[in-house]
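Novice: The following block contains the structure, expressed as structure tokens.
There are 2 protein chains.
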Amino acid sequence: MTQYMDVHHGMQGVTPDQIREAHQADLAIEKEEGVHFKQAWADPDSGTVYCLSEAPSAEAVQRIHERAGHPADEIHPVPITV
Amino acid sequence: MTQYMDVHHGMQGVTPDQIREAHQADLAIEKEEGVHFKQAWADPDSGTVYCLSEAPSAEAVQRIHERAGHPADEIHPVPITV
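Chains A and B supply the protein sequences, listed in that same order. To get our numbering, take the position in the first sequence, counting from 1, and add 1. To get our numbering, take the position in the second sequence, counting from 1, and add 1.
The following block contains the structure:
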């Protein structure tokens, strides 16, 4: 399993409730791809959302995000953590 | 205090030791600006590094990163966390 940071752009004005709902939608189906979404952070002003996950591949992360209705714009493996 | 996600580009080939040293350099002086760098994640292939901090302002985050020798390319407040 590798950690991934994925990034969503264009989410200006996103609310805490919307982020919570989106995260819940991911959590509800993530096991089907062996993914776990650990945390997410949002900047409503610039419309940027960052999601940290553990997953078998970037494609698995994207499949869950797509099925949950919010495909990521970037997905980076982040093998180094401090 | 607000949480910030800052992003560094162009760090292709960065190693775990370099990330650890950079993080330690931030931690050594962060209190002088009331900042705390909580975690960092790096993708050596794309050369992207993400740092999560708590700080009084984006400028305070940047002042520490600059003094430690690695100014950020983007600094986003992330008031929403799940």
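C-beta: ideal position from N, C-alpha, C; glycine also.
Is DSSP giving A26/A helix, strand or coil here?
Specialist: DSSP places A26/A in helix when its eight states are reduced to three.
Novice: D44/B versus chain A: which residues are under 7 Å apart at the beta carbon?
Specialist: By Cβ distance, chain A contributes H77, P78 and V79.
Novice: How would you label M2/A, buried or exposed, when you count the other beta carbons within 10 angstroms and need 16 or more for buried?
Specialist: Burial call: exposed.
Novice: With burial defined as no fewer than 16 other Cβ atoms inside 10 Å of the residue's Cβ, what is the status of D18/A: buried or exposed?
Specialist: Exposed.
Novice: Strictly below 7 Å CB to CB, what residues from chain B border H24/A?
Specialist: Here the neighbours are V83.
Novice: By DSSP, does P17/A sit in helix, in strand, or in coil?
Specialist: Helix, per DSSP.
Novice: My understanding is that D27/A touches I76/A, with C-beta atoms under 8 Å, so please give their C-beta distance in whole angstroms.
Specialist: That pair is no contact at about 13 Å.
Novice: How many Å lie between A69/A and I20/A at the Cα?
Specialist: Their Cα atoms are separated by approximately 12 Å.
Novice: Please report the distance separating the alpha-carbon of C52/A from that of Q40/A.
Specialist: For C52/A and Q40/A, the distance between alpha carbons rounds to 6 Å.
Novice: My understanding is that Y84/B touches A43/B, with C-beta atoms under 8 Å, so please give their C-beta distance in whole angstroms.
Specialist: There is no way to answer for residue 84/B, as the model of chain B reaches only from 2 to 83.
Novice: Does the beta-carbon of D46/A have 16 or more other beta-carbons within 10 angstroms, so that it is buried, or is it exposed?
Specialist: Classification for D46/A: exposed.
Novice: Return the Cβ separation of H9/B and H71/B in integer angstroms, given the expectation that the two are a contact with Cβ distance under 8 Å.
Specialist: Contact flag correct, Cβ pair sits at about 6 Å.
Novice: Hey, is V36/A's beta-carbon within less than 9 Å of any beta-carbon in chain B?
Specialist: So, not an interface residue.
Novice: Relative to the C-alpha of E33/A, which residue among G14/A, M12/A, T16/A and A61/A is closest?
Specialist: That would be A61/A, whose Cα lies nearest to the Cα of E33/A.
Novice: Note down the Cα distance separating P80/A from V50/A, rounded to an integer number of angstroms.
Specialist: Rounded to the nearest angstrom, the two C-alpha atoms are 20 Å apart.
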